[in-house]
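Remarks on the structure that follows.
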Amino acid sequence: MILALDGMGGDNAPDVVVEGADIARERYPGTSFLLFGDPARLKPLVDKRKGLASALEIVPAEDAVLAEDKPSFALRRRRKSSMWLAVEAAAQGRADTVVSAGNTGALLAISMFAMRMLDGAHRPALASFLPTARGETVMLDLGANLECDADNLAEFAVMGSVFAQVLLGLDRPRVGLLNVGSEELKGHEELRLAAALLRREGSPIAFEGFVEGNGITSGTFDVVVTDGFTGNVALKSIEGTAKLYTQFVRDAFRTSTFAKIGYLFASGAWVKLRKRVDPRRYNGGVFLGLDGVCVKSHGGTDALGFAYAIGVAVDLVRYEYKNKLVEGLGRLRQLSSTAEAPALQATGGAE
1 MILALDGMGG DNAPDVVVEG ADIARERYPG TSFLLFGDPA RLKPLVDKRK GLASALEIVP
61 AEDAVLAEDK PSFALRRRRK SSMWLAVEAA AQGRADTVVS AGNTGALLAI SMFAMRMLDG
121 AHRPALASFL PTARGETVML DLGANLECDA DNLAEFAVMG SVFAQVLLGL DRPRVGLLNV
181 GSEELKGHEE LRLAAALLRR EGSPIAFEGF VEGNGITSGT FDVVVTDGFT GNVALKSIEG
241 TAKLYTQFVR DAFRTSTFAK IGYLFASGAW VKLRKRVDPR RYNGGVFLGL DGVCVKSHGG
301 TDALGFAYAI GVAVDLVRYE YKNKLVEGLG RLRQLSSTAE APALQATGGA E
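For the sequence shown, this note's numbering gives the first residue as 1, with consecutive numbering after it.
The following block contains the structure:
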């Protein structure tokens with residue numbers, strides 16, 4: 001398996017990218033890398049790590065996408081950047097997948113242009129994992145589409161279900177639409193229409209209805225589907241709450257000598273908790289729906305986090321995510337066509 005890496009993308013590139021590739025090389029034997037970027041900066045980092053050079057080829061790129069670049073600017077003016085060339089390698093089949101920690105908007109725009117959309121998918125959705133009381137859940141869209149109609153939400157539900165099947169090993173992931181209540185009449189029309197379609201006999205997913213915001217992390221649902229605006233706000237709220245409670249706990253253990261002694265006795269449990277909610281373990285958002293595999297690493301992650309993002313890319317290719325998604329979207333199209341037929345009959349057919 002060959003992975004294209006954007007060597008210059010991210011807050012801590014290229015050091016994090018090279019070290020992350022070295023960690024991933026040991027975790028996933030048989031993988032090799034095309035590393036795009038400035039050879040003068042990349043080669044010394046690669047040479048420091050024994051054995052990495054034999055599994056990696058540095059591909060020169062004279063430019064890089066900046067964090068402040070608008071997607072349209074990156075699309076038009078960064079064609080010789082490490083991000084563009086890495087995506088292009090995956091789109092043209094020279095690599096099986098691409099991983100970048102660079103500008104999210106630019107990566108989405110370049111990937112949509114170079115890879116195009118899968119048959120049956122109309123918009124890409126950004127998906128990632130969240131820890132829950134029962135394990136992990138997939139959430140999408142996390143910011144790629146601020147507004148979505150019923151068809152988009154139904155497609156996202158299929159995308160998320162296949163994503164959970166491949167990466168979480170679930171036969172029939174439980175899928176829910178994020179809403180202001182669990183009752184069928186709650187929410188705007190797009191949500192109700194999407195739910196009605198996904199409830200129909202022959203649905204390609206295990207649709208379990210609506211999920212409220214406080215149910216995202218309960219583990220009741222394996223996949224939570226929403227529009228990009230709501231999903232991004234929900235994700236940032238969850239991240240902010242987690243940081244707040246972490247700070248509360250730290251402050252509590254500093255209030256007195258007895259509290260500090262208590263921390264010593266509880267240190268083992270505290271270490272386990274930190275590992276359980278370590279954001280690096282959930283690093284690696286994916287633009288679902290593209291005719292290719294594109295993984296977006298968090299820009300501020302460290303080497304271990306970047307290695308986890310590479311791991312997501314490896315699993316998506318290894319377990320044939322794209323082929324399974326094409327099948328699922330095909331079944332959704334059949335379901336949509338049968339749903340439209342009664343409406344045409346009731347009106348006497350189309351004029």
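We treat Cβ as the ideally placed atom computed from N, Cα and C, and that holds for glycine.
A quick note: this is a predicted structure, and the numbers were derived from the prediction, not measured.
Beta strand (DSSP E) segment containing residue i, residue limits
i	result
Ile2	2-6
Ile216	Per DSSP, Ile216 belongs to no beta strand (DSSP E) and is neither H nor E.
Ser56	Checking the displayed sequence, the identity of residue 56 turns out to be Leu instead of Ser. Its beta strand (DSSP E) spans residues 56-60.
Ala125	125-132
Leu72	One detail in the question is off: residue 72 reads as Ser in this sequence, not Leu. Unbroken run through Ser72 is the alpha helix (DSSP H), 71-77; no beta strand (DSSP E).
Thr97	97-100
Strand pairing of residue i, partner residues [DSSP]
i	result
Arg174	Ala206
Met115	Per DSSP, none; premise fails for Met115.
Val249	None, per the DSSP bridge assignment.
Gly285	Lys296
Ser81	Asp63
Val223	Val138, Val175
Leu235	According to DSSP, which records beta bridges pairwise, Leu235 is partnered with nothing at all.
Val211	Leu178
Leu290	Met117
Cβ-based burial, residue i [other Cβ within 10 Å; buried from 16]
i	result
Arg250	exposed
Ile310	buried
Gln92	exposed
Val17	buried
Ile261	exposed
Ser297	buried
Ser267	exposed
Leu197	buried
Pro29	exposed
Ala252	exposed
Gly349	Because Gly349 sits at a pLDDT of 49, beneath the cut-off of 50, its placement in the model cannot be relied upon, and the following sentence gives the value as read from the coordinates. The residue in question, Gly349, is exposed, as its Cβ has fewer than 16 Cβ neighbours within 10 Å.
Asn145	buried
Tyr245	exposed
Ala4	buried
Ala269	exposed
Asn179	buried
Gly10	buried
Phe221	buried
Arg174	buried
Arg318	exposed
Phe265	exposed
Gln247	exposed
Glu19	buried
Leu368	Residue 368 is absent from the structure shown; the chain starts at 1 and stops at 351.
Phe258	exposed
Ala343	With a pLDDT of 44 at Ala343, under the threshold of 50, the modelled position of this residue cannot be trusted; read the value that follows with caution. Its Cβ having fewer than 16 others within 10 Å, Ala343 is exposed.
Start and end residues, alpha helix (DSSP H) containing residue i
i	result
Leu273	257-276
Pro279	That residue, Pro279, is in no alpha helix (DSSP H); it is neither H nor E in DSSP.
Gly120	Segment: none, Gly120 is in no alpha helix (DSSP H) and carries neither H nor E.
Gly311	303-318
Minimum Cβ-Cβ distance from residue i to chain B less than 8 Å
i	result
Lys296	The chain inventory of the structure shown lacks chain B, comprising one protein chain alone.
Point to revise | Length-filtered (4 minimum) alpha helix (DSSP H) runs lying within the region 134-191 | key: 150-168
Point to revise | Residue ranges of each alpha helix (DSSP H) within the region 4-43, 4 or longer | key: 15-27
Exercise for review: Check whether the region 21-39 touches the region 120-131, taking contact to mean three or more Cβ pairs, one atom from each stretch, closer than 8 Å.
Suggested key: no
Practice item. Count the C-beta pairs between the region 52-71 and the region 83-90 that are closer than 8 Å, then say yes if the count reaches three, no if not. Key: yes
Exercise for review: Determine, using beta-carbon pairs with one atom in the region 274-294 and one in the region 110-125, whether at least three such pairs fall under 8 Å.
Suggested key: yes
Point to revise | Three or more C-beta pairs below 8 Å linking the region 218-237 and the region 149-165 | key: yes
Practice item. Give a yes or no on contact between the region 137-150 and the region 309-328, applying the rule of three or more CB pairs nearer than 8 Å. Key: no
Check your understanding: Per the contact definition of three or more C-beta pairs closer than 8 Å, is the region 41-48 in contact with the region 100-109?
Key -> no
Check your understanding: Is it a yes or a no for the region 229-248 touching the region 197-208, going by three-plus beta-carbon pairs under 8 Å?
Key -> no
Check your understanding: Three or more beta-carbon pairs under 8 Å between the region 303-317 and the region 270-284, yes or no?
Key -> yes
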